[in-house]
Amino acid sequence: MISNPHFQLAWRGLSVALLSLSLSACFNLTVVHQTTENNARNKAESVSTEVRQALAPSGVFRVGVYPGSPTSWVKDPKTGESVGIALDLGKGMAKRLNVPVQVVEFDRVAQVLDALKDGKVDMTFTNATAVRAKDMDFTEPLVRLELGYLVIGASPLTSLNDIDQAGMRVGVSQGSSSQGVLTQRFKLAKVVPAESLAQAQILLNSKQIDAFATNKGILFEMSDALPGSRVLTGRWGLENLAIAIPKGREAGRSFVENFAKEVSRSGELDKAVQRSGLRGTARD
143 MISNPHFQLA WRGLSVALLS LSLSACFNLT VVHQTTENNA RNKAESVSTE
193 VRQALAPSGV FRVGVYPGSP TSWVKDPKTG ESVGIALDLG KGMAKRLNVP
243 VQVVEFDRVA QVLDALKDGK VDMTFTNATA VRAKDMDFTE PLVRLELGYL
293 VIGASPLTSL NDIDQAGMRV GVSQGSSSQG VLTQRFKLAK VVPAESLAQA
343 QILLNSKQID AFATNKGILF EMSDALPGSR VLTGRWGLEN LAIAIPKGRE
393 AGRSFVENFA KEVSRSGELD KAVQRSGLRG TARD
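Going by this note's numbering, the sequence shown opens with residue 143, and the numbers climb by one from there.
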C-alpha cells in the first residue's frame, strides 16, 4: 500500500471529484428526462379551452380513417397492429389537446370526407385538392405520393401508354380524386368505381377491370395481397397529402398549422411514415 501522504491526499481529491461528476451526470439526466415530460405536459395544459372546444367539440377527438391505405390505416403484417399516418397524427393531436381519441372507420375515402364535411369526424389525413378545399381546411402538404396503376400478373399492359385504349376498364375508389381526374382525362378507357379497396381487389383478380388506379401507397399494399400483380412503372400524377379539419373551426386553425410544422421538424412525421410502411412517395 502506498504510504506517501501527498499521494493519498491527491487520490482522495480525485475520488471526490469523480463522485461529484457521477452524481452531477445522474442529476442532469434526471432533469433532462423530467424537462421533456414537463414540456409535453405543458403543451397540453397551454391549449386554451377555446381551441380545444373548436377542434374537439364533442370532448373526444374523432379521427376519420379507411382501411387499405398506409396514409390512413392498415394492419401491420408482422404484429397485427393497426398503423397508419392518419392514426398516428390523430393520436398526436389528441394528446396535445389533452382529450381522448376515437378512431372512426369508413369503407372508403369519400365517406371519410363526407363525415368531415358534416362535422362527424374532427380530422383526417388526405389528398389536398382545390375541390376538397371548398369543404374543408388543409395544412400545408406533408407527404407527396405518386399516382399509378396496378395490373394482374397475366396482364399484357406494361406501360402507362397502354391504359387509355378502347375497351380498357380502369377501376377507381368511388368518390375519390382519381375518379374525378381520370373521368375527364380518358378519351377511350372506361372508369369503373369500386365501393371499397377490398372490392377493387376482387374486381381486378376476377378480370372485371383491367387496372386499378390510385396512389402507389395503396397500390403496393394491394399488390402484396395479389400474388403476381404489378405496379406499372411511372406515374400519371401526384397526391399532396395534408391534415384536414372541418370548415368553421377558425379558433383551432393556428394550433393545427403549428402541429403540422412541429411533427415535420421533430421527425414525428417520418416515424409515422416508417411505421405505416408507406411506399410510392415522390422523389422529386
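C-beta atoms are modelled at their ideal positions from N, C-alpha and C, and glycine is treated no differently.
Q) Is it buried or exposed for A275, if we count other Cβ within 10 angstroms and need 16 for buried? A) exposed
Q) Is S211 helix, strand or coil when you go by DSSP? A) strand
Q. By DSSP, does E404 sit in helix, in strand, or in coil?
A. helix
Q. On the premise that T271 lies in contact with S319, defined as a C-beta separation below 8 Å, what is that separation, rounded to the nearest angstrom?
A. 5 Å
(Q) Quick check on R425: buried or exposed, where buried means 16 or more other Cβ atoms within 10 Å of its Cβ? (A) exposed
**Q.** Range covered by the alpha helix (DSSP H) that runs through S320
**A.** 319 to 327
Q: Run the CB neighbour count on V495, radius 10 Å, all protein chains shown included, and call it buried at 16 or more, exposed below.
A: No statement about residue 495 is possible, as the shown extent of the chain runs from 143 to 426 and does not include it.
Q: Spell out the partners DSSP gives G206 in its beta bridges.
A: In DSSP, G206 forms a bridge with V246.
Q. Going by C-alpha distance, which of V415, D279, A336, G379 is nearest I387?
A. D279
Q. Terminal residues of the continuous beta strand (DSSP E) containing E288?
A. 285 to 293
Q: Under the assumption that T268 contacts V285 (Cβ atoms under 8 Å), give the Cβ distance between them as a whole number of angstroms.
A: No, T268 and V285 are not in contact; Cβ-Cβ is about 10 Å, not under 8 Å.
(Q) In this structure, how does DSSP classify E363 when only helix, strand and coil are distinguished? (A) Helix.
Q: Give a yes or no on contact between the segment 336 to 351 and the segment 375 to 391, applying the rule of three or more CB pairs nearer than 8 Å.
A: no
Q.
Quick check: what's the CA-CA separation for T423 versus N382?
A. 10 Å
Q: Keeping to the same chain, check which residues put their C-beta closer than 8 Å to that of L361; ignore five residues upstream and five downstream.
A: Once the five neighbours on either side are set aside, the close Cβ partners of L361 are G290, Y291, L292, F354, V373, G422.
Q.
Quick check on S418: does DSSP put it in helix, strand or coil?
A. helix
Q. What is the DSSP secondary structure of S315, reduced to helix, strand or coil?
A. strand
Q) So the beta strand (DSSP E) V251 belongs to, where does it begin and stop? A) Note, V251: premise wrong, no beta strand (DSSP E); alpha helix (DSSP H) at 251 to 259.
(Q) Here's the rule I'm using: 16 or more other beta-carbon atoms within 10 Å means buried, otherwise exposed. How should S371 be labelled? (A) buried
Q | Under the three-state DSSP convention, the category L165 falls into | A | Model confidence at L165 stands at a pLDDT of 47, short of 50, so the residue's coordinates are unreliable and nothing is read from them.
Q | Cβ neighbour criterion (16 or more within 10 Å) applied to K358 | A | buried
Q: Identify the continuous beta strand (DSSP E) that holds V279 and give its terminal residues.
A: The question names Val, but residue 279 in the sequence shown is Asp. Counting along the chain, the beta strand (DSSP E) containing D279 begins and ends at 278 to 280.
Q. Thinking C-beta only, is Q244 closer than 9 Å to V202?
A. Yes.
Q) With 16 as the cutoff for other CB atoms within 10 Å, does L258 come out buried or exposed? A) buried
Q. Going straight from the alpha carbon of A198 to that of V241, what length do you get?
A. 8 Å
Q. When the Cα atoms are used, what is the spatial distance from A228 to K217?
A. Linking A228 to K217 through their CA atoms gives a straight-line distance of about 13 Å.
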